[in-house]
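When we follow our numbering, the leftmost residue of the sequence shown carries the number 338, and every step to the right adds one.
Positions of the beta carbon are idealized from the N, C-alpha and C atoms, including for glycine.
Remarks on the structure that follows.
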Amino acid sequence: MLLSAVDFSHSLLKETVCKGDLVIDATVGNGSDTVLLATLVGPTGKVIGFDVQKQAVENTAQKLLLAGLTDQATLLHQGHETLGDVLADNAKIGGAIFNLGYLPGSDKTIITKKNTTIRAIEALLPKLRIGSYILLVVYSGHPGGMEEKNALLDYCSSLNQSLFKVLQYGFINQINHPPFLIAIEKKKTPYMK
Ligand SMILES: C[S@@+](CC[C@H](N)C(=O)[O-])C[C@H]1O[C@@H](n2cnc3c(N)ncnc32)[C@H](O)[C@@H]1O
């Protein structure tokens, strides 16, 4: 069965995130991705989660509490564009997910934006472990969505193919701008051990 963009992103995380990893949920929202990541990294790992909405951080904290996963997550009520300041210089990231757009059931004007999303991706790329993914679930049907989508497609298409594999995955016969996935994988290059 062909998976939705969100389900496919989860299957890629399950394949690559290991116990003990440091991973990023760049947009925690209602916490579904955060709970998955916290489960995958286990008690020895850490999820750092970002959201600009207080309500999103509180909802996610509650979800983690109910799942008994509080210890392995740090939630930050701030934009993911601050990732470069938050991560240690020598941090190695086992995966990152961005579920973009607005939070369903919340204020539809609070959306992710091209410049801040790209700034966060740029902070993550050098720290990504070889074989791991930065996953972008992209929505374009809301005001501002198409602008972010086009900018991300431009940016990700221009990533050096000798350093990164970039995949676009999505349905092409669905109405109403279905979400699609951009997956960036860090490649092993010949000079790396
Ligand atoms: C589609 S929702 C995320 C859904 C979430 N992953 C889940 O499983 O419920 C997008 C979220 O991005 C947040 N957001 C918008 N701009 C942001 C930014 N610059 N940094 C971090 N989060 C941001 C919104 O507040 C919203 O909660």
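Residue ranges of each alpha helix (DSSP H) within the segment 344–424, 4 or longer:
369–378, 391–403, 420–423
Please classify L472: does DSSP put it in a helix, a strand, or coil?
strand
Is the beta carbon of T381 closer than 9 Å to that of G431?
no
List the whole-angstrom C-beta distance separating I458 from V423, where the pair is believed to meet the contact cut-off of C-beta under 8 Å.
With 8 Å as the limit, I458 and V423 do not qualify as a contact, their Cβ atoms being about 14 Å apart.
Under the criterion of a Cβ to heavy atom distance below 8 Å, does P451 qualify as lining ligand 1?
According to the sequence as given, residue 451 is Lys; it is not Pro. Checking every heavy atom of ligand 1 against the Cβ of K451, none is found closer than 8 Å.
T454 versus L377, V389, G442, residue with shortest Cα-Cα distance
V389
If we count the other Cβ atoms within 10 Å of its Cβ and call it buried at 16 or more, is L403 buried or exposed?
exposed
Can you give me the Cβ contacts of S494 inside the same chain, cut-off strictly under 8 Å, excluding the 5 residues immediately before and after it?
V503
In terms of residues, what are the limits of the alpha helix (DSSP H) holding A521?
Here residue 521 is Ile; the residue named in the question, Ala, does not match the sequence. Element bounds for I521: not the alpha helix (DSSP H) but the beta strand (DSSP E), 517–523.
Looking only at C-alpha atoms, which of H347, T411, K486 sits nearest to I448?
K486
Please report how far the alpha carbon of G405 lies from the alpha carbon of V372, in whole angstroms.
10 Å
Nearest to Y470 by CA position, among Q392, A398, V360, is which residue?
V360
Assign I455 to one of three DSSP states: helix, strand, or coil.
helix
Assigned exposure category for G438 - 16 Cβ within 10 Å defines buried:
buried
At a threshold of 8 Å, does A404 count as lining ligand 1 (C-beta to nearest heavy atom)?
no
Evaluate T526 with the Cβ neighbour count: other Cβ atoms within 10 Å of its Cβ, from every protein chain shown; 16 or more gives buried, anything less gives exposed.
exposed
Report yes if the C-beta of T407 is less than 8 Å from at least one heavy atom of ligand 1; otherwise report no.
no
Using only the heavy atoms of ligand 1, determine whether one of them is closer than 8 Å to the beta carbon of E352.
no
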